[in-house]
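Colleague: Just so you know, the sequence shown maps onto residues 43 to 654 in our numbering. Using N, Cα and C, we set each Cβ at its ideal position, and we do this for glycine too. Below is the structure I would like to discuss, written out as C-alpha cells.
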Amino acid sequence: MMDDQNKNLILAVALSMLVIIGWSIMFPPPEPPQEQATGEIEDQGTSAPAAGEPVADAPAEDTPDATGATGATETIDDLDEAPRVSIDTPSLEGSISLLGGRIDQLSLKDYRESLDDDADIVSLLSPFGNDNAFYALYGWAPGAGLGPDAVPGPSTLWTLESGQTLSPQNPVKLSWSNDAGLTFHREIAIDDKFMFTVTQSVENTGESTVALAPYGVLARHGEPEDMKNFFILHEGIIGFADDQLSEIDYDDVSDYAFDPDEGARADVTRVQDSGWLGFTDHYWMATLIPDTGDAFKSVVKYDERRDIYQTETVQRTRQLAPGDSVDVQSRLFAGAKEWATIRAYENEGGVVKFLDSIDWGWFFFLTKPIFALLHWLNVAIGNMGWAIIGLTLVIKLVLFPLAYKSYASMAKMRELQPQMEKLKEQCGDDRQKMQQEMMALYKREKVNPASGCLPILLQIPIFFSLYKVIFVTLELRHAPWIGWIRDLSAPDPSSIMNLFGLLPWDAPEPGSILALIFIGVMPITLGVSMWLQQKLNPAPTDATQKMIFAWMPWVFMFMLGSFASGLVLYWIANNVITFIQQYTIMRSHGYKPDLFGNIRASFARGAKSGDK
C-alpha cells in the first residue's frame with residue numbers, strides 16, 4: 043500500500059505537471075507575425091465627423107479625422123514635399139512635418155529590430171502614406187462662431203518660427219494665422235528620453251469672442267504587422283481615466299457601435315481629473331497625456347472604411363474675447379516601455395498610474411515586486427542572467443522557513459520508515475486501521491506528511507509571475523547572459539541537432555517541431571538538475587510511483603525547452619539551490635542522503651530491466 047509521504051509527493055508532481063501542461067495549452071508560444079495586406083487609403087481628404095457635445099460648457103463642434111482637417115484636403119505628395127524639422131535626442135531620432143505640425147517620424151536609437159549587427163533601429167512613428175502609418179496630431183476644434191478653416195488642422199502648413207532641430211536643449215516653435223484675427227503658436231519640447239511637451243497657444247486680435255477646444259490625436263492605420271497575438275500580452279489601446287485602467291483590443295474597437303457624433307465606431311469617456319490614452323505594443327507605446335486636473339474628453343474610434351484606429355483627447359473649450367490669449371499644455375509619450383523611465387514619469391512627472399501601462403497581468407501583486415527586485419539586481423550586477431540567479435536566491439531565502447520545515451519533515455519521515463513498515467505488517471489489509479495507526483504515529487512524533495507539498499505549490503504562482511515578467515518586460519529583450527545566450531527572452535538557440543554548434547549546419551527554427559525535439563544545453567541542464575534532486579531520496583518501491591519519478595525530469599525538460607531561456611535559467615537555479623538546501627537540512631536532522639548510491643541503484647535497475 044502506498045504510504046502518505048509518497049501520496050503527497052505524487053500529488054505535488056501531478057499538480058505541477060498539470061499546471062505546466064495547462065499553461066502550454068492555454069498560452070501556446072506566439073505565432074510568427076503574418077504579413078498583412080495593405081491597400082491604398084481611399085478618400086485621403088474628407089470632412090471631419092462631428093465631435094459631439096463639448097467637454098465643458100462651451101460648444102466645440104468639430105474635431106479632425108485621421109487624415110484631413112475639417113473642410114480641408116491633403117495628398118501623399120503634400121506630405122512628401124512639406125518641409126520638416128529634425129528630432130535628435132540621446133534616445134530618439136526623427137522629424138516633424140510642418141504640414142499639420144504632425145509628429146510622424148520617430149525611431150528609437152537604443153533598440154534594434156534583431157540581434158544582427160546591421161539590424162535597423164526600431165521605428166515607432168511613420169508618416170501618412172506609409173504601410174502601417176502611425177502619427178500624432180495636435181490642433182484646435184472650432185466652437186461657436188468659427189468655421190473649420192478658421193483653425194489649424196492636419197492640412198495646415200505651419201511656419202517655423204524658431205529652432206532648427208528639436209533636442210532636449212532646443213524646443214521648436216511653429217506659428218500660423220488666419221484671416222479673422224487669430225494667431226496660433228505651437229511650441230514642442232522634448233526631454234532626453236521619450237516625453238514631448240506640446241504647448242498650444244492662440245491670440246485673438248479680432249473683434250468677436252470665439253470658442254475653441256485644444257485636442258491631441260494619435261492615428262494608426264491598420265493593426266501593427268508585428269503583433270504577437272498572444273493571450274498573455276495586451277496589444278492595442280490602453281488608457282487611464284479617473285482611477286480606471288482600460289485595455290482595449292483592436293477587435294473590440296472594430297466592434298463598437300457607430301457614433302454619428304464622431305462619424306465612426308467610437309467610445310467616448312468624460313475624464314474629470316487625470317488620465318492618458320494611446321496605443322501600446324509589446325515593448326513600445328505612444329500615449330496622449332493632458333495636464334492633470336484639466337477635464338477632457340477621451341475618445342477611442344475606428345474608421346472601418348479606411349481601417350484607421352484613432353485615440354483623441356479633447357480638452358475643455360476655451361472662450362477667447364478680443365485681445366485675450368490662452369496657453370494649453372499637454373504631453374506625448376512616444377518610446378520604449380522602460381520600467382525605470384516610466385516609473386520616473388509617474389513619480390516625478392506626475393503621470394498618474396503610468397507604470398500600469400506595462401502589462402503586469404493577473405498576478406500584478408507578484409509581478410511588480412519581482413520585476414522591481416530583478417531590475418535593482420541587474421543594475422547592481424550588470425548582467426540580467428546573473429540577476430535572475432540572484433533573484434532566485436532571494437526568493438529561496440524568503441521561502442526558507444517553509445523549506446526548512448518541509449525538508450526537516452521529510453528527514454523525520456525517513457527516520458520513521460522502519461516503524462511504518464512494522465505497522466503495515468501488523469495491520470495487513472485493514473486499511474482503516476492502518477490509516478488510524480499512521481495518523482497516531484505522525485501525531486506522536488510531531489510530523490506533518492503534507493508539509494512537503496507546500497514549497498512546491500508556492501512555486502507555481504512565482505513561476506507564472508516570472509514567466510509574465512520575462513515575456514512582457516522590455517529589459518529582458520535582447521539581454522545576454524553568457525556565451526551563446528544572447529537573448530534571455532528567447533529560447534536557448536543551441537541544439538542537439540548540430541551538437542550545440544560543433545557540426546556545420548544550423549539549429550532548427552525556433553517554434554518548429556524539430557526545435558521542440560532537438561533541445562539545447564539549458565533545457566538538458568534543467569532535466570539533469572531535476573534528476574539529481576530526485577536522487578537525494580531512494581526510488582519509491584511502488585512501480586507506478588517509480589515510473590512517474592523516472593520520467594518526470596525528462597518530460598519537464600522537453601516541455602520547458604521552448605520557453606524563454608531566462609525562465610529556464612530560473613528553474614535551473616531553483617533546482618540547484620533546492621538540492622543544496624534539502625541535502626544540508628536533511629543532514630542536520632540525522633538523515634544522510636545516499637546520492638551516489640541512489641544513482642548507482644537507478645542505473646543498476648535500468649541495466650537489469652534491459653537484460654530482461
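Can Lys395 and Trp402 be called in contact, C-beta distance under 8 Å?
Modeller: For the purposes of this step, residue 395 is taken as the residue at position 353 of the sequence shown. For the purposes of this step, residue 402 is taken as the residue at position 360 of the sequence shown. Cβ distance not < 8 Å, so Lys395 and Trp402 don't count as in contact.
Colleague: On the three-pair Cβ rule with 8 Å, is the segment 589–602 touching the segment 562–570?
Modeller: Short answer: they touch.
Colleague: Counting pairs of beta carbons, one from the segment 257–272 and one from the segment 166–185, are three or more of them closer than 8 Å?
Modeller: The segment 257–272 vs the segment 166–185: in contact.
Colleague: Assuming Lys343 and Gln352 are in contact, meaning their beta carbons sit under 8 Å apart, how far apart are those beta carbons, in whole angstroms?
Modeller: Taking the first residue of the sequence shown as position 1, residue 343 is located at position 301. Taking the first residue of the sequence shown as position 1, residue 352 is located at position 310. At roughly 5 Å, the Cβ-Cβ gap stays under 8 Å, so Lys343 and Gln352 are in contact.
Colleague: Closest to Gly424 by CA distance: which of Phe300, Asn389, Leu518 and Gln211 is it?
Modeller: Within the sequence shown, numbered from 1, the residue matching residue 424 stands at position 382. Minimum Cα distance to Gly424 is reached at Leu518.
Colleague: Taking its Cβ as the centre, do 16 or more other Cβ atoms sit within 10 Å of Ala231, making it buried, or is it exposed?
Modeller: By one-based count along the sequence shown, residue 231 stands at place 189. Counting Cβ neighbours within 10 Å, Ala231 comes out buried, since at least 16 surround it.
Colleague: Could you check where the beta strand (DSSP E) with Tyr153 kicks off and where it finishes?
Modeller: Counting from 1 along the sequence shown, the entry for residue 153 is found at position 111. Arg144 to Arg154 is the extent of the beta strand (DSSP E) around Tyr153.
Colleague: Using a Cβ distance threshold of 8 Å, determine whether the segment 442–453 contacts the segment 415–431, with at least three qualifying pairs required.
Modeller: No, because fewer than three Cβ pairs between the segment 442–453 and the segment 415–431 fall closer than 8 Å, the two stretches do not touch.
Colleague: Counting only the same chain and skipping the five closest in sequence on each side, list residues whose C-beta sits under 6 Å from that of Gly223.
Modeller: Start at 1 with the first residue of the sequence shown, and residue 223 comes out as number 181. Result list for Gly223: Thr247 and Gly248, in chain order.
Colleague: Spell out the partners DSSP gives Gln286 in its beta bridges.
Modeller: Locating residue 286 in the sequence shown gives position 244, counting from the first residue. DSSP output for Gln286 lists Ala283 as bridge partner(s).
Colleague: Between Ala532 and Ala606, which are expected to be in contact by the criterion C-beta below 8 Å, what is the C-beta distance as a whole number of angstroms?
Modeller: Taking the first residue of the sequence shown as position 1, residue 532 is located at position 490. Taking the first residue of the sequence shown as position 1, residue 606 is located at position 564. That belief holds up - the Cβ atoms of Ala532 and Ala606 are roughly 6 Å apart, short of 8 Å.
Colleague: Tell me the start and end of each unbroken alpha helix (DSSP H) in the segment 319–368 that is at least 4 residues and wholly inside, in chain order.
Modeller: DSSP runs (the alpha helix (DSSP H)) wholly in the segment 319–368: none.
Colleague: How about Thr207 and Ser128: do their beta carbons lie closer than 8 Å?
Modeller: Counted from its first residue, the sequence shown places residue 207 at position 165. Counted from its first residue, the sequence shown places residue 128 at position 86. It is a contact, given that the beta carbons lie within the stated cut-off.
Colleague: Do you know offhand how far Asp162's Cα is from Glu155's?
Modeller: Looking up residue 162 in the sequence shown gives position 120. Looking up residue 155 in the sequence shown gives position 113. C-alpha separation (whole angstroms): 6 Å.
Colleague: Could you round the C-beta distance between Ala328 and Gly320 to whole angstroms and report it? I think they count as a contact, below 8 Å.
Modeller: Numbered from its first residue, the sequence shown carries residue 328 at position 286. Numbered from its first residue, the sequence shown carries residue 320 at position 278. That belief holds up - the Cβ atoms of Ala328 and Gly320 are roughly 5 Å apart, short of 8 Å.
Colleague: Ordered along the chain, which non-local residues of its own chain (more than five positions away) have a Cβ less than 8 Å from that of Ser296?
Modeller: In the sequence shown, the residue the question calls residue 296 occupies position 254. So the list reads Arg307, Tyr344 and Glu346, once near-sequence residues are dropped.
Colleague: Could you check where the alpha helix (DSSP H) with Phe413 kicks off and where it finishes?
Modeller: Along the sequence shown, read from residue 1 onward, the residue named residue 413 stands at position 371. Run containing Phe413: Phe406 to Ile423, per the alpha helix (DSSP H) assignment.
Colleague: Are Trp182 and Ala255 closer than 8 Å when you measure CB to CB?
Modeller: As a first step, residue 182 is located in the sequence shown; it is residue number 140 there, counting from the start. As a first step, residue 255 is located in the sequence shown; it is residue number 213 there, counting from the start. The answer is yes: Cβ separation under 8 Å.
Colleague: How is the alpha helix (DSSP H) around Met237 delimited, first residue to last?
Modeller: Within the sequence shown, the letter at position 195 stands for residue 237. Counting along the chain, Met237 falls outside any alpha helix (DSSP H), though it belongs to the beta strand (DSSP E) covering Met237 to Asn246.
Colleague: If distances are taken between C-alpha atoms only, which option among Lys577, Ser536, Leu574 and Trp418 comes closest to Leu558?
Modeller: One-based indexing of the sequence shown puts residue 558 at position 516. The candidate whose alpha carbon is nearest that of Leu558 is Ser536.
Colleague: In whole angstroms, what separates the C-alpha of Lys577 from that of Thr131?
Modeller: Here the question's residue 577 lines up with position 535 in the sequence shown. Here the question's residue 131 lines up with position 89 in the sequence shown. One C-alpha to the other measures close to 57 Å.
Colleague: Who does Thr201 pair with in a DSSP beta bridge?
Modeller: Mapped onto the sequence shown, residue 201 falls at position 159. Answer is Ser217, bridged to Thr201.
Colleague: In chain order, what residues of the same chain have a beta carbon less than 6 Å from the beta carbon of Glu229, not counting five sequence neighbours either side?
Modeller: On the sequence shown, position 187 is the one that residue 229 refers to. Excluding positions up to five away in sequence, the list reads Pro213, Lys215 and Thr241.
Colleague: Please name the residue in Val341, Lys438, Thr334 and Leu134 whose C-alpha comes closest to that of Ile622.
Modeller: Translated into the one-based positions of the sequence shown, residue 622 becomes position 580. Nearest option by C-alpha distance: Lys438.
Colleague: Identify which residue in Trp381, Asn640, Leu140 and Val514 has its Cα closest to the Cα of Ala592.
Modeller: Looking up residue 592 in the sequence shown gives position 550. Among Trp381, Asn640, Leu140 and Val514, the Cα nearest to that of Ala592 is on Asn640.
Colleague: At a cut of 8 Å, does the segment 427–434 reach the segment 607–618 through at least three beta carbon pairs?
Modeller: Counting Cβ pairs under 8 Å, three or more are found: they touch.
Colleague: In whole angstroms, what is the alpha-carbon distance linking Leu179 and Ile527?
Modeller: For the purposes of this step, residue 179 is identified with residue 137 of the sequence shown, where counting begins at 1. For the purposes of this step, residue 527 is identified with residue 485 of the sequence shown, where counting begins at 1. Approximately 42 Å between the Cα atoms of the pair.
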